[in-house]
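Just so we're aligned: the sequence shown equals residues 4 to 303 in my numbering.
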Amino acid sequence: MSGPVPSARVAVSRASEAGAKRNGASRSASTRTTAAAGAGIPRLLYLPAALGFALLILPLVGLFLRADWPSVPAAIVSEEAQSALWLSLQTALAATVLCLIVGIPLALVIARSGNRLAGLLRALTTLPLVMPPLVGGIALLYLLGRNGLVGSVLELWFGISIPFTTGAVVIAQSFVALPFLVISVEGALRTAGTRYELVAATLGAGRWTVFRRVTLPLIMPGVIAGTVLCFARALGEFGATALFAGNAAGTTRTMPLAIYTAFNGAGVSQDSAIALSLLLVVVGIVILLLLRSWRPTPER
4 MSGPVPSARV AVSRASEAGA KRNGASRSAS TRTTAAAGAG IPRLLYLPAA
54 LGFALLILPL VGLFLRADWP SVPAAIVSEE AQSALWLSLQ TALAATVLCL
104 IVGIPLALVI ARSGNRLAGL LRALTTLPLV MPPLVGGIAL LYLLGRNGLV
154 GSVLELWFGI SIPFTTGAVV IAQSFVALPF LVISVEGALR TAGTRYELVA
204 ATLGAGRWTV FRRVTLPLIM PGVIAGTVLC FARALGEFGA TALFAGNAAG
254 TTRTMPLAIY TAFNGAGVSQ DSAIALSLLL VVVGIVILLL LRSWRPTPER
């Protein structure tokens, strides 16, 4: 009679341990479920989120519905539309190259400066982002216009007049697009730090070698992202261009200006304006998709 008793006790003990494990696993799963539910988005916030999404998307839906799709190809290939399109692409590309030439060094100076100086330079560099584009056009006129601070000297000594030329379009686009490049590159520089640059300098590399062989490869994703954003902003620039460069067909009338002109009863037809608007939307979507492909996917 004494033999089976320990075996029964062992069986009861094992059953109790198994029950405790099941209860612990159940409590752990319940805790995870509760934590997941608590970490989710409050349901009340879905309504304003939907309204915000509708505010951004519904105007584009209206544009696509308003378009006369059978006539869109003919409107895009019309002479006036093609002139505005190619001028926009050429000037935006030239403005992007100019921004790369001056923007990367400027971002490097800001990233490697002390906190106070970097804060001041960053604020002044990003000022065009918060300043109305029309104000930027007026500022460019007072700088490079015939009676401007620099423009009067260029006119008097060299006979060069910049306003209301294709070059003025490039300058206006560069003025509004440069901050996008500088912000992206500066962020990449601060993320990369100076550790590898110091190692390369310790090994005997000169400053230009360090910049070309170490710094630029490290910040290349930021440079590419900034370049794409810079080109997109230059392509859609309107306000500063209208005031500083004017609206001359074939010379300064870019796509945004052609669209504006059409809806004011001159230049290209409204069908061409809608077609150009659709084209700008498609270009913007492509640019954002390209930008997305260069960004690493965050871990969840």
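Where a beta carbon is used, it is the ideal one built from N, C-alpha and C, also for glycine.
Small disclaimer: the values here were computed from a predicted structure and weren't measured.
Between which two residues does the alpha helix (DSSP H) carrying residue i extend?
{"i": "G190", "result": "T169 to A195"}
{"i": "V78", "result": "It is worth fixing the name first, because residue 78 is Ala in this sequence and not Val. Start and end: V75 to I79."}
{"i": "V153", "result": "Premise fails: V153 is in no alpha helix (DSSP H) and is neither H nor E."}
{"i": "N118", "result": "N118 to T128"}
{"i": "L48", "result": "Careful: L48 lies outside any alpha helix (DSSP H) and carries neither H nor E."}
{"i": "T212", "result": "R210 to V213"}
{"i": "E83", "result": "E82 to A114"}
{"i": "P166", "result": "Element bounds for P166: n/a, residue is neither H nor E."}
{"i": "R198", "result": "R198 to T205"}
{"i": "A244", "result": "Note that residue 244 is Thr in the sequence shown, not Ala. Where T244 is concerned, the enclosing alpha helix (DSSP H) stretches over G242 to F247."}
{"i": "G239", "result": "Premise fails: G239 is in no alpha helix (DSSP H) and is neither H nor E."}
{"i": "V138", "result": "P136 to L147"}
{"i": "A265", "result": "M258 to A265"}
Taking residue i as the reference, give the member of the options with the closest Cα.
{"i": "L96", "options": "A175, M223, S164 and G225", "result": "A175"}
{"i": "R193", "options": "E158, F56 and G117", "result": "G117"}
{"i": "T244", "options": "S177, L123 and L103", "result": "S177"}
{"i": "G106", "options": "V226, T197 and V202", "result": "V226"}
{"i": "D274", "options": "L144, V75, F67 and T197", "result": "V75"}
{"i": "Q93", "options": "G43, T169, T197 and S81", "result": "T169"}
For residue i versus residue j, is the C-beta distance shorter than 7 Å?
{"i": "L137", "j": "L238", "result": "no"}
{"i": "A98", "j": "V173", "result": "yes"}
{"i": "V185", "j": "T257", "result": "no"}
{"i": "A235", "j": "I290", "result": "yes"}
{"i": "I113", "j": "A126", "result": "no"}
{"i": "A195", "j": "L232", "result": "no"}
{"i": "A228", "j": "V213", "result": "no"}
{"i": "A171", "j": "A248", "result": "yes"}
{"i": "G139", "j": "P131", "result": "yes"}
{"i": "I277", "j": "A70", "result": "yes"}
>> Assess contact between the segment 178–187 and the segment 279–291, defined as three or more Cβ pairs (one per stretch) separated by less than 8 Å. Is contact present?
In response: Output reads no: the segment 279–291 does not touch the segment 178–187.
>> Taking 8 Å as the cut-off, does the segment 250–265 touch the segment 213–233 (at least 3 CB pairs, one atom from each stretch)?
In response: Judged by pairs of C-beta atoms under 8 Å, the segment 213–233 does not touch the segment 250–265, as fewer than three such pairs exist.
> How do the segment 135–150 and the segment 161–173 stand: do at least 3 beta-carbon pairs fall below 8 Å, yes or no?
Replying inline: They touch, by the three-pair rule.
> Do the segment 71–88 and the segment 256–263 meet, that is, are 3 or more Cβ pairs less than 8 Å apart?
Replying inline: Yes, they touch.
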